[in-house]
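Sequence positions in the sequence shown follow my numbering and run 4 to 350.
All C-beta atoms, glycine included, are put in the ideal place defined by N, C-alpha and C.
The block underneath contains the structure these notes are about, expressed in structure tokens.
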Amino acid sequence: MGKRAFEHLVNELLAHEEFTLVAPNTIPIYIQVATALFRLANCHIGYRQAYMLLGVSSGSYSNFTTRTLKAIKDQPGHLLTWPSEPARANAIAVGFGSNTGDRLNGVIGAVDGRNFNIHQPSPPTVGAMFRDRKNNYSVKLTAVCDSVLRFTYIKVGDSGKTHDAAAFRSSDIASEILRHPDNHFPDNTFMIGDSAYPLRPNLITPFPESQCVLDSRKRTFNRVHSSTRMAMERAFGVLVARWRFTSKYIYMLDQLKINEVITGCCILHNMCVDLGDTGFTDTVYIQDRSAAVPEDEEAPDVGGSSRKVTIFEELMRRRSRRGTARGGRRATTTRRRRRTRLRNRNR
4 MGKRAFEHLV NELLAHEEFT LVAPNTIPIY IQVATALFRL ANCHIGYRQA
54 YMLLGVSSGS YSNFTTRTLK AIKDQPGHLL TWPSEPARAN AIAVGFGSNT
104 GDRLNGVIGA VDGRNFNIHQ PSPPTVGAMF RDRKNNYSVK LTAVCDSVLR
154 FTYIKVGDSG KTHDAAAFRS SDIASEILRH PDNHFPDNTF MIGDSAYPLR
204 PNLITPFPES QCVLDSRKRT FNRVHSSTRM AMERAFGVLV ARWRFTSKYI
254 YMLDQLKINE VITGCCILHN MCVDLGDTGF TDTVYIQDRS AAVPEDEEAP
304 DVGGSSRKVT IFEELMRRRS RRGTARGGRR ATTTRRRRRT RLRNRNR
């Protein structure tokens, strides 16, 4: 985080009740916030190392982090907001279209899930619920991002064992946004997700591989769909690259504090995006989907299937028109070259 973003964060947290305590030995707010950000920006700085590097006791090290995360979570200016306004939704749709050559018109978000590794929860009977398919103990973050990698929705707290589809079904997106699309998807917009998610009228997924073997047009649609969805993968990569405390293992035992850390990092990520702070190493996170098998089969959504076919046909028509125009230009160029060669021969 750069100096400008840090000063902006400190100024916003000054009036929060967590930092209004006045005492003779009160640590200045900028030191408390800087200590918390230092902890989140590194893989793991233990209490002893924090004391040697920063001169902060173990109690203060923990208190500064908890206090800062609570204050960040309570800030309304950087809470995650869904693009329900037509102007904002259209701007996001244009942004998604400008990021790729071929595009899906009307995309306002990409949804995906990521597991964050944690210590084994106790007791062992509870810990078994958090063991994912890679044999790690983890919690799941389900998120939606826009074209500038800003999170517009997050859900934290599901166990790593939970499939992406199950986490999605229990989220506010499935219960509210998709059930009332007119209030959340203006101007016939939609969001996209990979094959782990259910097909819905406002959630478009790729075609199954079995349908793409002999159909090159569907393979093209899946390629465009994947390149558009890559924004979500990049957002996860930026998140863990900037806040490396979440990159390997989250060294905490309290489940609520783990959720607060992930939520706080997502909000800080949005703040940095809003302020144009890009001073970090961009590490793209790509999740392995080869072993991701849905836990149960859902009935095909007729509305989602027809909507996907409409989007697919629109993309194919655009590509056909562009191909025809390119073919015409190519033919014109070929004829011009032939005339030039004939002219040179006659000379």
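Under the 10 Å beta carbon count, Asn-273 is surrounded by 16 or more other beta carbons and is classified as buried. For Phe-154, the three-state secondary structure derived from DSSP is strand. DSSP places Val-147 inside the beta strand (DSSP E), whose first and last residues are 141-148.
Counting along the chain, Ile-265 sits inside no beta strand (DSSP E); it lies in the alpha helix (DSSP H) bounded by residues 258-277. Ile-195 is positioned such that its CB atom lies no closer than 8 Å to that of Asp-149. Following the DSSP letters along the chain, one finds Gly-196 inside the beta strand (DSSP E) bounded by residues 193-196.
Beta-bridge analysis with DSSP links Asp-115 to Ala-146. Annotation: Thr-29 to Phe-22 spans about 9 Å, alpha carbon to alpha carbon. By the CB criterion at 8 Å, Val-114 and Val-276 fall outside the cutoff. Scanning the stretch 5-55 for uninterrupted alpha helix (DSSP H) segments of 4 residues or longer gives 6-16 and 32-43, listed from N- to C-terminal end.
Beyond the five residues adjoining it in sequence on each side, Glu-317 comes within less than 8 Å, by CB distance, of Asn-108 in the same chain, given in chain order.
Taking all protein chains shown into account, Ala-131 has fewer than 16 neighbouring C-beta atoms within 10 Å of its C-beta and is therefore exposed.
For Arg-203, the beta-bridge partners assigned by DSSP are Leu-206.
Here Gly-116 really is in contact with Ala-170; their C-beta atoms are around 6 Å apart, less than 8 Å. As the crow flies, the alpha-carbon of Leu-40 is around 26 Å from that of Trp-85.
Apart from sequence neighbours up to five positions away, the residues of its chain that approach Gln-123 with a beta-carbon distance below 7 Å are Gly-130 and Tyr-140, ordered along the chain. Nearest to Gly-240 by alpha-carbon distance, out of Lys-137, Ile-314, Glu-212 and Phe-154, is Phe-154. Per DSSP, reduced to three states, the secondary structure at Gly-160 is strand. Here DSSP, grouped into helix, strand and coil, assigns Asn-120 to strand. For Lys-221, the enclosing alpha helix (DSSP H) stretches over residues 219-245. Under the Cβ criterion (8 Å, minimum of three pairs), the stretch 45-54 counts as touching the stretch 242-260. Annotation: Arg-338 to His-187 spans about 52 Å, alpha carbon to alpha carbon. One Cα belongs to Arg-182, the other to Arg-51, and the distance between them is close to 51 Å. Looking from the CA of Val-142, the closest CA among Arg-91, Lys-164, Leu-16 and Gly-100 belongs to Lys-164. Of the candidates Val-264, Gln-258 and Arg-232, the residue whose Cα lies closest to the Cα of Lys-73 is Val-264. In the DSSP assignment, Pro-184 falls within the alpha helix (DSSP H) that extends over 184-187. Residues Thr-249 and Ser-250 of the same chain have their beta carbon placed closer than 6 Å to that of Val-243, with the five preceding and five following residues left out of the count. Residue environment for Arg-70: buried (at least 16 other C-beta atoms within 10 angstroms of its C-beta). Each of Ile-34, Ile-75, Leu-206 and His-11 was checked against the Cα of Gly-58, and the nearest Cα belongs to Ile-34. Burial state of Arg-7 is exposed, judged by a 10 Å Cβ sphere holding fewer than 16 other Cβ atoms.
Membership of Asn-66 in the alpha helix (DSSP H) is indicated by the continuous run 61-76.
Annotated three-state conformation of Arg-136 is coil, per DSSP.
Apart from sequence neighbours up to five positions away, the residues of its chain that approach Asn-225 with a beta-carbon distance below 7 Å are Pro-209, Phe-210 and Cys-215, ordered along the chain. Within the DSSP bridge table, the entry for Tyr-252 names Asn-120 as partners. Nearest neighbour of Glu-10 by Cα position, chosen from Glu-20, Ile-32, His-19 and Leu-24, turns out to be Ile-32.
In this structure, the CA atom of Leu-256 is about 31 Å from the CA atom of Thr-281.
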